[in-house]
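**Q** To start, I am sharing the structure in question, which I have written as structure tokens.
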Amino acid sequence: MSDELSKIFAALADPTRRDMVARLAVGDATVSQLAEPYDVSIQAVSKHLKVLADAGLVTRTREAQTRPVHLEAEVFDLMTKWIERYRRRAEERYMRLDAVLAEMNDGPAATAGGTDKPRNSNPKRINTDTKGQAS
């Protein structure tokens, strides 16, 4: 699975290929149609499509005189499962961090019902009179 994912992520590392995938998400297209917005040759687009095909992201079919390129959306399920697993782990870590930060900010008394005492109050605070002497 990780080797398959490596091919997929490597194929999608190129911005031109990502753009082609995004364009194919709305429907099949021919190589000529995919090449239109780029200042590259049909051969260069074909090389990009070969990388996408080797990763399993696209297939080419034959319809009469044309060979449309089709996006294989199921491949994204594999990527989504992998990403989701790590997203959940990160979310759990953030929730634990939120709990620690809340306890640090509010103190344990606040999480156990709380009091109206100001935070970081020091009962041994020294008061001074108007002459600056400790009382």
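Residue numbering for the sequence shown follows UniProt numbering, beginning at 1 and increasing consecutively. Cβ atoms here follow ideal geometry from the backbone N, Cα and C, with glycine treated the same way. Bear in mind the structure is a predicted one, so any value in this text is a computation, not a measurement.
Would you kindly work out how many angstroms separate the C-alpha atoms of R67 and K81, rounded to a whole number?
**A** Position 67 of the sequence shown, counting from 1, holds the residue named residue 67. Position 81 of the sequence shown, counting from 1, holds the residue named residue 81. Near 31 Å, if we compare the C-alpha coordinates of K81 and R67.
**Q** Considering V69, what are the terminal residues of the beta strand (DSSP E) in which it resides?
**A** On the sequence shown, position 69 is the one that residue 69 refers to. Here the beta strand (DSSP E) through V69 covers 69-71.
**Q** Anyone know if the C-beta pair for T59 and E72 falls short of 8 Å?
**A** By 1-based counting over the sequence shown, the position of residue 59 is 59. By 1-based counting over the sequence shown, the position of residue 72 is 72. A contact, by the Cβ cut-off of 8 Å.
**Q** On the three-state DSSP scale, how would you describe A13?
**A** Position 13 of the sequence shown, counting from 1, holds the residue named residue 13. Coil, per DSSP.
**Q** Report back the beta-carbon spacing between L52 and A11 to the nearest angstrom; my notes put them in contact at under 8 Å.
**A** Within the sequence shown, the letter at position 52 stands for residue 52. Within the sequence shown, the letter at position 11 stands for residue 11. Correct: roughly 5 Å between the Cβ atoms.
**Q** Between L24, R23, V40, T30, which has its C-alpha nearest Q65's C-alpha?
**A** Counted from its first residue, the sequence shown places residue 65 at position 65. Considering only alpha carbons, the answer is T30.
**Q** What number of angstroms, rounded off, separates the C-alpha of E84 from the C-alpha of F76?
**A** Counting from 1 along the sequence shown, the entry for residue 84 is found at position 84. Counting from 1 along the sequence shown, the entry for residue 76 is found at position 76. Straight-line Cα distance between these residues: approximately 12 Å.
**Q** Could you tell me which of R93, L57, M95, R87 sits nearest to M20, measuring between CA atoms?
**A** As a working note, residue 20 is residue 20 in the sequence shown. Looking at the Cα atoms, L57 is the closest of the given residues.
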